[in-house]
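Engineer: Structure below; questions to follow.
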Amino acid sequence: MDPAQRTRTRTVPGRRRPRLHLFDLDGTLLYGSAAAVEISQQLGVEREIRQLEAAFAAGGLTPPQFAARACALWTELTDEIVHAAFDGAPWLAGIREVWARIRADGEHCAVISLSPDFFVRRLQEWGADATHGSHWPEVPHAMPNGGTKYPLRPLDPSGILSPGSKVKIAGQLCAEFGVRAQDCVAYGDSMSDAALFATVPVSVAVNADHHVRSLASHHYNGRDLREAYGLVSRPR
Numbered sequence: 001m002d003p004a005q006r007t008r009t010r011t012v013p014g015r016r017r018p019r020l021h022l023f024d025l026d027g028t029l030l031y032g033s034a035a036a037v038e039i040s041q042q043l044g045v046e047r048e049i050r051q052l053e054a055a056f057a058a059g060g061l062t063p064p065q066f067a068a069r070a071c072a073l074w075t076e077l078t079d080e081i082v083h084a085a086f087d088g089a090p091w092l093a094g095i096r097e098v099w100a101r102i103r104a105d106g107e108h109c110a111v112i113s114l115s116p117d118f119f120v121r122r123l124q125e126w127g128a129d130a131t132h133g134s135h136w137p138e139v140p141h142a143m144p145n146g147g148t149k150y151p152l153r154p155l156d157p158s159g160i161l162s163p164g165s166k167v168k169i170a171g172q173l174c175a176e177f178g179v180r181a182q183d184c185v186a187y188g189d190s191m192s193d194a195a196l197f198a199t200v201p202v203s204v205a206v207n208a209d210h211h212v213r214s215l216a217s218h219h220y221n222g223r224d225l226r227e228a229y230g231l232v233s234r235p236r
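For the sequence shown, position 76 matches number 76 in my numbering, and the numbering has no gaps at all.
Pasting the structure below:
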């Protein structure tokens, strides 16, 4: 959604303050998987990307280093492959329904992910008010000729998000939507969500690992976002 088209929330005296729901993507909205893994499966380099994922999780790679090495694996990447990866990914059930409910209640929902923005922003079509992902080189619809490989332009490390970026972006979204930081709800699963979980009053650990379980207000294990949202939803 264009930022200029977003509606700032107006609080009426006596009414509950609206909230901003902040969703992680990898391992949260995607069950047991990540955008990079789904794309790599389409390209036949799943084993290689899982090795990079493990190195990143262990602290052996920074987000820009991970992105650079993933780009080197994705030489055949096109928009058609991204589309297939998105459509075939193991999404939690009920994502569209939850976001429709949030917006119907006058609240807001956004996705903040370290994954490529060309994958993350597709969730705007499902009802997210905003999406933020790392700025990877754009993907062509088709390769211009047989000798050209992805990426067509070099990766800019400054455009790759870090876990701390999620906190900064959350603050920007609060300002855009006229929501207080105290009225944010975060949903995440891993180390990349820990900084955000530590700064918001309400959080939901979704199929989470030990990095965020101790920080979370609520815990959910399963494959339906409606159930996770039910832990924090307000009665109608």
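All C-beta atoms, glycine included, are put in the ideal place defined by N, C-alpha and C.
1. At a cut-off of 6 Å, is R153 close to the ligand HEM when judged by its beta-carbon and the heavy atoms of the ligand?
2. Which value, in whole angstroms, describes the spacing of the CA atoms of E97 and R180?
3. Which of helix, strand or coil does DSSP assign to V12?
4. On the DSSP letters alone, give me the boundaries of the alpha helix (DSSP H) that V139 sits inside.
5. Would P163 and A195 be called neighbours here (beta carbons separated by less than 7 Å)?
6. When you compare only the Cα positions, how much space is there between A4 and C109?
7. Buried or exposed: where does G32 fall if 16 or more other Cβ atoms within 10 Å of its Cβ makes it buried?
8. Could you pull out every residue in the same chain whose Cβ sits closer than 7 Å to the Cβ of R101, ignoring the five residues on either side in sequence?
9. For the stretch 36–98, list the alpha helix (DSSP H) runs that are entirely contained and at least 4 residues long, ordered along the chain.
10. Is the CB of R16 under 7 Å away from at least one CB in chain C?
11. Could you give the first and the last residue of the continuous beta strand (DSSP E) run that contains G230?
12. At 3 residues or longer, what runs of the beta strand (DSSP E) sit wholly inside the stretch 120–195?
13. Using a Cβ-Cβ cutoff of less than 7 Å, which residues in the same chain neighbour E227 once the five nearest sequence positions on both sides are dropped?
14. Please classify R47: is it buried, with 16 or more other beta-carbons within 10 angstroms of its beta-carbon, or exposed?
15. By the three-class DSSP mapping on this structure, what secondary structure does A100 have?
16. Within its chain, find whatever has a CB closer than 6 Å to the CB of N207; leave out the 5 residues flanking it on each side and keep chain order.
Structural biologist: The structure says:
1. With respect to the ligand HEM, the structure offers nothing, as it holds no ligand at all.
2. 25 Å
3. For V12, the predicted structure reports a pLDDT of 44, less than 50, and the residue's modelled location is therefore unreliable. The matter cannot be settled from this model.
4. Careful: V139 lies outside any alpha helix (DSSP H) and carries neither H nor E.
5. yes
6. The predicted position of A4 is uncertain, since its pLDDT is 43 and thus under 50; a value taken from the coordinates is nonetheless stated next. Their backbone Cα atoms lie some 16 Å apart in a straight line.
7. exposed
8. none
9. 46–57, 63–73, 79–88
10. The structure shown has no chain C; it contains just one protein chain.
11. From DSSP, G230 is part of no beta strand (DSSP E) but of the alpha helix (DSSP H) over 225–230.
12. 130–134, 184–188
13. Y220
14. exposed
15. helix
16. D189, N221
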